[in-house]
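Novice: Shown below is the structure under consideration.
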Amino acid sequence: MEMANENPITVYFGGEARELWTGEGLRVAWSGRLAVLALRGGDGRFIAAAPEPGRSGDVKSDYNTASKERELAALLNSGSAPPLSAAYFAAAASAAEALRLCGDNPRRLTEFLSRTLYGGFDSLILPELLRVLLDEYAFSWEDAAAIIAQCFIFKAEKSERAPLAAVAALSPRVLKLAETVGDKLVETLWKVFPGDWERVASAAVIWDGEVDFGKLCAALCGRIICPKEKRAGEFRAFYVAMPNKFEDMT
Amino acid sequence: MNISALSQKIIHDAAGEEYHRPIGAATTGETVVLSVRDLSGSIVSARLFLWSDDGEQTFDMSPHEGLFSAGFSAPNEPAAMWYCFFLTFQEGGTLWLCADSSGRFGKLMSSRGEGLRLTVYAADFGTPAWFRKSIMYQIFPDRFARDGSDSARRGIEYHRALGRKVGYHEDWSEPVDWLPNSDEDSYFPLDFYGGTLRGVEDRLSYLESLGVGAIYLNPICEARSNHRYDTADYLKTDPILGTDADFIRLCEKAREHKIRVILDGVFSHTGADSVYFNKFGRYPSPGAYNGGENSEYYRWYDFRTYPDDYRCWWNFKNLPEVDESNPGWQDYIINGENSVVKTWLGRGASGFRLDVADELPDDVLALIRRSSKDLSPDNVVIGEVWEDAVIKTSYGKRRKYALGPALDSVMNYPLRKALLSFFTFGEDAFSLSAFLLSQRLNYPPPMYWSLFNLVSSHDTERIRTALASRLAAGTLSRKQQAGFILTEEQDARGAAMQKLCAALQYSIPGVPCVYYGDENGMQGMLDPFNRAPFTAGKRPLTDFYAALGRIRNENDALSVGAAAFFAPNADVLCLLRFISGSKDVFGLAAENGAFLIAVNRAGEERRVVADLWLKNTGLSSSEQYDLLNAGLTHGTCLLDGTEISVGQGLADMTLPPETAHIFRLE
Chain A
64 MEMANENPIT VYFGGEAREL WTGEGLRVAW SGRLAVLALR GGDGRFIAAA
114 PEPGRSGDVK SDYNTASKER ELAALLNSGS APPLSAAYFA AAASAAEALR
164 LCGDNPRRLT EFLSRTLYGG FDSLILPELL RVLLDEYAFS WEDAAAIIAQ
214 CFIFKAEKSE RAPLAAVAAL SPRVLKLAET VGDKLVETLW KVFPGDWERV
264 ASAAVIWDGE VDFGKLCAAL CGRIICPKEK RAGEFRAFYV AMPNKFEDMT
Chain B
30 MNISALSQKI IHDAAGEEYH RPIGAATTGE TVVLSVRDLS GSIVSARLFL
80 WSDDGEQTFD MSPHEGLFSA GFSAPNEPAA MWYCFFLTFQ EGGTLWLCAD
130 SSGRFGKLMS SRGEGLRLTV YAADFGTPAW FRKSIMYQIF PDRFARDGSD
180 SARRGIEYHR ALGRKVGYHE DWSEPVDWLP NSDEDSYFPL DFYGGTLRGV
230 EDRLSYLESL GVGAIYLNPI CEARSNHRYD TADYLKTDPI LGTDADFIRL
280 CEKAREHKIR VILDGVFSHT GADSVYFNKF GRYPSPGAYN GGENSEYYRW
330 YDFRTYPDDY RCWWNFKNLP EVDESNPGWQ DYIINGENSV VKTWLGRGAS
380 GFRLDVADEL PDDVLALIRR SSKDLSPDNV VIGEVWEDAV IKTSYGKRRK
430 YALGPALDSV MNYPLRKALL SFFTFGEDAF SLSAFLLSQR LNYPPPMYWS
480 LFNLVSSHDT ERIRTALASR LAAGTLSRKQ QAGFILTEEQ DARGAAMQKL
530 CAALQYSIPG VPCVYYGDEN GMQGMLDPFN RAPFTAGKRP LTDFYAALGR
580 IRNENDALSV GAAAFFAPNA DVLCLLRFIS GSKDVFGLAA ENGAFLIAVN
630 RAGEERRVVA DLWLKNTGLS SSEQYDLLNA GLTHGTCLLD GTEISVGQGL
680 ADMTLPPETA HIFRLE
């Protein structure tokens with residue numbers, strides 16, 4: 064915790080992300096995003112702070128950005144921020160903090176991060192971690208997904224949903240990766256349930272214009288703790304396609 | 030039009046009753062309904078295109094709650110048909126919905142592509158019930174079993190007296206001949222081991238212990254070669270094998286063991302060295318070759334220039350082809366009171382496997398089948414066909430032999446290929462499942478549940494060799510094949526895979542056929558190395574085959590039950606067979622039962638969950654309803670006693686590496 068405060072973590076909101084194929088592989092270029100610093104408060108929660116405003120020459124632009132960042136930090140600290148925004152802030156800060164503990168070897172993430180998710184908005188930490196491992200550490204999808212799977216358990220208690228636009232407003236890249244998780248899941252499920260769109264759709268991460276965080280957790284967490292009723296119902300497709308993840312809820 | 034955006038919203042699945050009613054093939058005149066689901070809400074009109082080799086029809090499709098449907102009567106003549114859909118969208122664009130690469134799903138295209146399949150078969154097509162429930166055993170007669178007499182030697186002397194240079198292996202364990210042995214410096218199969226019909230008779234108890242219900246004998250008529258596909262006399266048992274009386278007794282004794290005998294009918298050609306062609310003058314009456322027009326058989330053959338330029342099978346001069354439309358030939362082989370077909374059925378045979386069925390016209394096949402059925406509807410006629418028999422073309426003509434009048438069954442070589450691909454890790458379980466479902470959907474049910482399901486034959490390398498070596502035998506020279514020996518490690522792996530392969534072979538709808546010696550662990554590359562004398566390999570599986578035979582024979586559902594296929598992962602294939610309401614898929618009385626077959630080919634343990642309530646796996650909605658209400662709670666493996674629990678249609682199983690399970694569900 065001290066570490067975060069000595070060297071605050073930066074969480075970015077919004078903006079536009081462009082994928083660029085370079086000689087060194089895929090890179091993501093950002094524009095227009097807002098930065099908020101995350102520091103640990105006395106109760107262990109993250110507190111937002113605006114970064115020192117930069118002065119790049121376009122004074123008005125810098126001023127506008129700095130004022131938006133100040134407003135955003137204030138909103139996040141006020142307790143009246145939209146729950147999705149607050150959850151994203153905490154999730155992204157947690158992800159960055161854990162990765163910082165790994166030093167220069169993000170594969171050690173499993174040593175520093177072990178968490179149970181319940182299908183709420185805090186599950187945004189999953190695509191955020193994917194984003195960092197893929198975009199900033201250039202991991203393969205398989206490697207990144209395997210590391211994340213080891214860090215998280217999904218206790219299937221709820222399945223909160225958020226509109227795609229709301230997630231995109233937090234981070235278009237996070238939404239893009241959540242969609243990709245969904246696409247890859249569909250690919251896997253289609254093999255197991257060819258022609259059964261109903262079954263495949265029942266496991267959709269993206270459905271009816273919303274991100275389903277319960278399904279996102281089921282797709283990315285390495286273990287799923289679930290009552291038998293849910294296993295045979297809501298998460299039936301997951302259970303058949305990836306039974307090794309499942310543990311009975313006691 | 031944005032095809033990508035629409036593709037998951039416009040659906041046709043040939044395996045779903047919602048889209049294709051009835052499931053699978055339809056009978057002539059039956060009402061068929063084909064539908065497209067529009068989840069995009071953007072289709073304003075749809076048209077069904079339906080065609081066969083005889084022409085094309087189109088039908089307007091009616092919308093109802095997002096489902097565009099067209100109902101029509103299947104044609105009155107059996108036909109392989111295809112269909113696709115032409116869709117018009119709100120903004121005025123049009124797209125075709127045609128077959129995807131699997132042939133099962135509709136795929137949107139901007140231009141017309143391949144059609145999806147609809148098989149229409151004769152409404153009166155029926156196949157013998159006993160055959161569907163049988164296990165077959167193929168015997169290459171010279172190589173299965175000697176008897177204690179010297180009759181085979183006398184037969185050898187008979188052939189030698191005719192001037193044939195036949196050889197005799199004194200030692201049953203000698204390797205087969207394969208080196209050039211003819212004047213043309215090529216190999217000709219003239220070496221005999223002296224297996225006899227009495228030898229087969231002596232082994233009937235063994236066959237019964239394997240659960241065999243039908244023996245398929247490779248040719249037994251008099252002929253020069255050891256394979257006897259060069260018939261010399263259609264009406265006479267080859268003296269090396271025994272006598273006609275021996276055959277009659279074999280059939281009688283076999284019946285006492287509840288075993289029937291099916292013969293190899295080689296009717297598209299004869300031997301050049303035969304009563305009919307008599308090229309070498311070894312028979313007293315004039316043949317077509319040595320007697321010319323004076324021979325009663327002259328018109329059977331097609332002499333382009335008499336006497337040496339004649340049509341023959343694959344240009345083998347020793348196998349002159351016959352004209353099957355010749356009335357004299359038809360009378361001799363099929364229709365006459367003492368025809369070849371009637372003679373052998375009269376002697377006790379229960380049917381024929383017709384060699385190179387593609388070479389016989391459909392109407393001739395139908396004549397053979399009718400002639401056989403006239404004697405007994407229980408007689409069975411099987412065709413040697415190597416491809417998908419429903420859409421096969423030969424000599425530029427679509428064959429209809431799978432659609433009703435011509436054949437009861439065909440040799441299912443495509444199944445062999447699919448099983449080998451799976452068990453040699455060429456294809457995964459998803460592919461195998463799709464293949465099995467496609468056969469279920471495209472074959473007429475009477476033939477589908479009678480398919481001759483083989484994994485080896487006299488024309489392929491043995492299953493043990495194929496699974497253990499993972500080599501394409503055809504790429505090896507004859508010399509390489511002669512010297513090929515599996516290592517201990519290969520044979521052990523082959524044996525493990527063969528068990529899994531056999532478990533599926535015995536569980537898939539159709540009639541499993543074991544090639545003699547496969548159950549005993551025999552190895553062998555292609556002809557003639559796959560025709561060695563019956564012997565025990567290093568890792569025999571006789572007990573395992575006997576167990577499979579017993580399990581299949583004791584449970585109707587495993588032979589004539591409904592079937593569903595699914596693959597929970599790339600290495601595990603699951604198969605569900607069941608009967609409810611005390612009636613099999615043909616409406617005949619049968620014992621209720623539900624069985625889950627699960628095969629794990631992987632070298633590691635696999636935990637899988639089989640969902641018994643899956644849709645679109647080959648079951649009709651009424652069958653699914655029965656399954657849903659079957660109240661299944663647990664299963665017991667009939668092979669090793671493993672127990673599994675079943676809850677809400679889900680069977681959670683941990684399958685050890687390289688294992689097969691046949692769970693009886695209750």
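Top to bottom, those sequences are chains A and B. The opening residue of the first sequence carries number 64 in our numbering; numbering runs sequentially from there. The opening residue of the second sequence carries number 30 in our numbering; numbering runs sequentially from there. Just so it is clear, CB atoms sit at the ideal spot from N, CA and C, and this is done for glycine as well.
(1) Nearest-angstrom Cα distance between Arg-194/A and Glu-583/B?
(2) Is Glu-65/A helix, strand or coil when you go by DSSP?
(3) Can you name, in chain order, every residue of its own chain whose Cβ lies under 7 Å from the Cβ of Arg-499/B, other than the five neighbours on each side?
(4) Spatial neighbours of Arg-606/B within its chain, please: CB distance less than 6 Å, with the 5 preceding and 5 following residues excluded, ordered by chain position.
(5) For Lys-254/A, count the other beta carbons within 10 Å of its own beta carbon; 16 or more makes it buried, fewer makes it exposed. Which is it?
(6) If I measure Cβ to Cβ from Asp-520/B and keep anything under 8 Å in the same chain, skipping five residues before and after, which residues do I get?
(7) Can you list the alpha helix (DSSP H) stretches of 4 or more residues lying completely in the stretch 157-205 of chain B, in chain order?
(8) Would you please state the rounded distance, in angstroms, between the beta carbons of Ala-599/B and Ala-458/B? I believe it to be under 8 Å.
(9) Can a CB atom of chain A be found closer than 8 Å to the CB of Pro-685/B?
(10) Just the Cα atoms here: how many angstroms apart are Ala-631/B and Arg-66/B?
(11) Please compile the residues from chain A whose C-beta is within a distance smaller than 7 Å of the C-beta of Gly-45/B.
(12) Residues of the stretch 634-649 of chain B in Cβ contact with chain A at a cutoff of 7 Å, in chain order, please.
(13) At a Cβ threshold of 8 Å, is Asp-267/B touching chain A?
(14) Using a beta-carbon distance cut-off of less than 9 Å, what residues from the stretch 582-600 of chain B approach chain A?
(15) Is any beta-carbon of chain B found at less than 8 Å from that of Val-303/A?
(16) Kindly indicate the opening and closing residues of the alpha helix (DSSP H) around Pro-190/A.
(17) Got a sec: which bits of the stretch 129-143 of chain B sit with their beta carbon under 9 Å from any beta carbon on chain A, in order along the chain?
(18) Taking C-beta to C-beta, are Ala-431/B and Leu-394/B nearer than 8 Å?
(19) Of the choices Leu-529/B, Arg-507/B, Ala-495/B, Asp-556/B, whose alpha-carbon is the least far from that of Leu-515/B?
(20) The alpha helix (DSSP H) with Arg-12/B in it runs from where to where?
(21) Any idea which residues DSSP pairs Pro-349/B with across the strands?
(22) Along the stretch 273-303 of chain A, what residues have a CB closer than 9 Å to any CB found in chain B?
(23) Quick one: Cα of Phe-173/B to Cα of Pro-562/B, how far?
(24) Which residues does DSSP pair with Tyr-430/B in a beta bridge?
(25) Thinking C-beta only, is Arg-428/B closer than 8 Å to Val-410/B?
(26) At least one CB of chain A closer than 8 Å to the CB of Gly-53/B: is that the case?
(27) According to the neighbour-count rule (16 or more other Cβ atoms, all chains shown, within 10 Å of its Cβ), is Gln-534/B buried or exposed?
(28) Mind listing which residues of the stretch 240-259 of chain A have their C-beta closer than 9 Å to chain B's C-betas, in chain order?
(29) Between Gly-676/B and chain A, is any beta-carbon pair separated by less than 8 Å?
(30) Identify every run of the beta strand (DSSP E) within the stretch 64-108 of chain B, keeping only runs that are complete inside it and at least 3 residues long; order them along the chain.
(31) Residues of chain B with CB under 7 Å from Pro-306/A, in chain order?
(32) Among Met-90/B, Gly-122/B, Cys-666/B, Gly-240/B, which has the Cα closest to the Cα of Phe-114/B?
(33) Helix, strand or coil, according to DSSP, for Ala-435/B in the structure here?
(34) Using 8 Å as the limit for Cβ to Cβ distance, is Asp-67/B near chain A?
(35) Just grab the DSSP bridge partners of Asp-726/B for me.
(36) Assuming Leu-657/B and Glu-695/B are in contact, meaning their beta carbons sit under 8 Å apart, how far apart are those beta carbons, in whole angstroms?
Specialist: So, to answer that:
(1) Take the alpha-carbon of Arg-194/A and the one of Glu-583/B: they are about 58 Å apart.
(2) Because Glu-65/A carries a pLDDT of 41, less than 50, the predicted location of this residue cannot be relied on, and no value is offered for it.
(3) Taken in chain order, the residues that qualify are Thr-453.
(4) Ala-586, Leu-587, Gly-590, Ala-592, Phe-624
(5) buried
(6) Correct list, in chain order: Arg-493, Ala-497, Gly-550, Gln-552, Gly-566, Lys-567, Arg-568.
(7) 158-161, 180-190
(8) 6 Å
(9) no
(10) 38 Å
(11) Gly-258
(12) Arg-636, Val-637, Val-638, Asp-640, Leu-643, Lys-644, Asn-645
(13) no
(14) The stretch 582-600 of chain B vs chain A, Cβ under 9 Å: Phe-595, Ala-596, Pro-597, Asn-598, Ala-599.
(15) yes
(16) 188-194
(17) Ser-131, Arg-133, Phe-134
(18) no
(19) Ala-495/B
(20) It is not possible to answer for residue 12/B, since the shown part of chain B is limited to 30 through 695.
(21) Cys-341/B
(22) Against chain B - using a Cβ distance shorter than 9 Å - the residues of the stretch 273-303 of chain A are Lys-291, Glu-292, Arg-294, Ala-295, Gly-296, Arg-299, Ala-300, Tyr-302, Val-303.
(23) 6 Å
(24) In the DSSP secondary-structure assignment, Tyr-430/B is not bridged to any residue.
(25) no
(26) Not an interface residue.
(27) buried
(28) Val-249, Lys-254, Val-255, Phe-256, Pro-257, Gly-258, Asp-259
(29) yes
(30) 72-81, 84-93, 96-102
(31) Arg-636, Val-637, Val-638, Asp-681
(32) Met-90/B
(33) coil
(34) no
(35) Since the first residue of chain B shown is 30 and the last is 695, residue 726/B is not available in this structure.
(36) Between Glu-695/B and Leu-657/B the Cβ distance is about 16 Å, and since that is not below 8 Å, they are no contact.
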